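Written out below as structure tokens is the structure these notes cover.
Given below as structure tokens:
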């Protein structure tokens with residue numbers, strides 16, 4: 008992996024998050040490992056004079072407890088052949104299985120956050136703020152019944168992108 012400036016990244020941020028998905032990964036010190044969770048909602052941009060990534064994590068997700076304990080997490084983007092691994096990480100809980108073992112992904116432990124050797128793009132992110140997405144927040148009244156019929160609401164994590172790594176072959 009080589010480090011680049013975020014502004015040198017040529018990929019379309021909307022496509023990366025919406026279509027390609029990412030693994031949000033936080034350390035799990037109790038298990039001595041890490042737990043990846045697939046995300047397809049989020050954004051990359053600028054806020055508070057910083058390059059930022061925004062991710063949405065439901066209250067029920069195991070990863071939420073991990074990122075709440077840590078100051079850093081990673082967002083990893085992969086080539087299409089890893090979609091099956093991302094699907095697995097999005098449909099299984101780290102409470103119930105070892106996602107690393109099940110997917111065969113190779114964790115790399117950066118000094119701040121774990122990421123995956125197989126990723127084409129890695130963002131190392133420092134949490135800046137977390138907001139609860141309350142039912143009362145919605146102006147568009149169709150969102151609640153469509154996306155939150157079970158009332159499993161999201162927390163929005165705003166993070167500073169401190170480091171961008173890309174695969175040597177990318």
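In the numbering used here, the protein residues as written are 8 to 177.
For glycine and all other residues, C-beta sits at the position ideal for the given N, C-alpha and C.
All of these numbers come straight from a predicted model, not from anything done at the bench.
In three-state terms, what does DSSP make of residue 144?
helix
According to DSSP, simplified to helix, strand and coil, what is residue 56?
coil
Can you look up residue 68 in the DSSP assignment and give me helix, strand or coil?
When DSSP states are grouped into helix, strand and coil, residue 68 belongs to the coil group.
DSSP on residue 80, reduced to helix/strand/coil?
strand
Just mark residue 96 as buried or exposed, buried being the case when its beta carbon has 16 or more other beta carbons within 10 Å.
buried
Go ahead and label residue 71 buried or exposed: buried means 16 or more other beta carbons lie within 10 angstroms of its beta carbon, across all protein chains shown.
buried
Local conformation of residue 22 per DSSP, three classes:
helix
Reference residue 162; option with closest CA among 141, 151, 105
141
State the start and end residues of the unbroken alpha helix (DSSP H) segment that holds residue 95.
90-98
Could you check if residue 170 is buried or exposed, using at least 16 other CB atoms within 10 Å of its CB as the buried criterion?
buried
Helix, strand or coil: how does DSSP classify residue 151 here?
For residue 151, the three-state secondary structure derived from DSSP is helix.
Counting along the chain, where does the beta strand (DSSP E) carrying residue 9 start and finish?
9-11 is the extent of the beta strand (DSSP E) around residue 9.
Can you find at least 3 beta carbon pairs, one from the segment 99-118 and one from the segment 140-156, that sit closer than 8 Å?
no
If you count every other CB in all the chains shown that lies within 10 Å of the CB of residue 166, and 16 or more means buried, which is it?
Residue 166 counts as buried, since at least 16 other C-beta atoms from the protein chains shown sit within 10 angstroms of its C-beta.
Terminal residues of the continuous beta strand (DSSP E) containing residue 167?
161-173 is the extent of the beta strand (DSSP E) around residue 167.
Alpha-carbon to alpha-carbon, residue 160 and residue 75:
Going by the C-alpha atoms only, they are around 16 Å apart.
From 147, 131, 173, residue whose alpha carbon lies closest to that of residue 31:
131
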